[in-house]
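Everything on this sheet refers to the single structure shown next.
Protein chains: 2
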Amino acid sequence: MTNTRMKAQRKKLNMSQTELAQKASATRQTIGLIEAGEFNPSLKLCLSICYALDVTLDEIFWEDQSHEKEN
Amino acid sequence: MTNTRMKAQRKKLNMSQTELAQKASATRQTIGLIEAGEFNPSLKLCLSICYALDVTLDEIFWEDQSHEKEN
DNA sequence: AAGAAATGTAAAGTATATATTGCATTATAC
DNA sequence: GTATAATGCAATATATACTTTACATTTCTT
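So the sequences go chain by chain: A and B.
Counting in full-length UniProt numbering, the first sequence runs from 1 upward without gaps.
Counting in full-length UniProt numbering, the second sequence runs from 1 upward without gaps.
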């Protein structure tokens with residue numbers, strides 16, 4: 001359940017969790033936990049992350065419904 | 001700052017807030033407040049709403065960055 | 001191999017999303 | 001025009017996102 005698309009996009013931009021956290025005005029821990037799939041970010045934070053990573057919501061946060069909930 | 005796209009899609013499907021709430025396993029109040037733009041739903045809830053309304057995240061929750069934050 | 005940077009993880013505290021209950025108002029159907 | 005459904009709005013309670021601080025481990029650079 002880790003968010004591989006988000007992590008991949010961050011790496012693609014050669015950005016550390018700390019840098020992303022700053023751009024998205026969150027903490028490194030929060031970013032780490034989201035990438036680890038250990039929590040459920042708010043829409044605003046998702047949007048901030050998208051802006052920082054230059055992608056849209058669907059690109060990194062969409063999950064197919066059949067993708068049975070795993071927590 | 002009300003979420004007009006979400007509301008419009010719900011109406012398009014002839015669904016009441018109560019029905020949408022049930023399908024998305026939330027309460028009517030929560031749905032009402034999200035439509036009113038009075039808070040910041042979690043990603044999971046956004047996804048549940050998308051499934052219930054048969055749209056994707058970008059269709060009803062994406063906001064352009066220039067869309068200056070209004071709360 | 002050593003030092004630095006990046007990441008994982010955990011405890012405690014704060015802010016806020018969400019639920020629950022309840023009542024008032026507006027729209028819809030008969 | 002009265003009943004019924006749909007929505008708006010508030011107060012209180014609870015769950016949990018997110019922060020802060022801190023330390024351990026892994027990865028990168030030299």
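Ideal Cβ positions, reconstructed from N, Cα and C, are used throughout, including at glycine.
Contacts that residue i makes with chain A (C-beta to C-beta distance below 8 Å)
{"i": "L33 of chain B", "result": "Simply none; closest approach about 13 Å."}
{"i": "T18 of chain B", "result": "Those do not exist, as T18 of chain B stays about 21 Å from chain A at its closest Cβ, beyond 8 Å."}
Which of helix, strand or coil DSSP assigns to residue i
{"i": "S42 of chain A", "result": "strand"}
{"i": "residue 73 of chain A", "result": "With chain A running from 1 to 71 in the structure shown, residue 73 of chain A is simply not present."}
{"i": "G37 of chain B", "result": "coil"}
{"i": "T4 of chain A", "result": "helix"}
{"i": "L13 of chain B", "result": "coil"}
{"i": "D54 of chain A", "result": "coil"}
{"i": "A21 of chain B", "result": "helix"}
{"i": "T30 of chain A", "result": "helix"}
{"i": "E59 of chain B", "result": "helix"}
Through-space distance from residue j to residue i, alpha-carbon basis
{"i": "S42 of chain B", "j": "L43 of chain A", "result": "6 Å"}
{"i": "K12 of chain B", "j": "T18 of chain A", "result": "43 Å"}
{"i": "R28 of chain A", "j": "N14 of chain B", "result": "43 Å"}
{"i": "L47 of chain B", "j": "L57 of chain A", "result": "11 Å"}
{"i": "E70 of chain A", "j": "E38 of chain A", "result": "Summary for E70 of chain A: the model assigns pLDDT 43, below 50, so the residue's position carries little reliability, and this model does not support an answer."}
{"i": "L20 of chain B", "j": "M1 of chain A", "result": "27 Å"}
{"i": "S66 of chain A", "j": "T4 of chain A", "result": "18 Å"}
8 Å contact criterion, which residue i and residue j should meet: CB distance rounded
{"i": "I60 of chain B", "j": "C50 of chain B", "result": "7 Å"}
{"i": "A26 of chain A", "j": "L45 of chain A", "result": "6 Å"}
{"i": "Q22 of chain A", "j": "V55 of chain A", "result": "18 Å between Cβ atoms; not a contact."}
Under 7 Å by beta carbon: chain B residues contacting residue i
{"i": "K44 of chain A", "result": "N40"}
Within chain A, the residues that residue i reaches when beta carbons sit closer than 7 Å
{"i": "Q65 of chain B", "result": "Y51"}
{"i": "T56 of chain B", "result": "D58, W62"}
8 Å Cβ cut-off: residues of chain B touching residue i
{"i": "L13 of chain A", "result": "Those within 8 Å of L13 of chain A in chain B number zero; the least Cβ separation is about 16 Å."}
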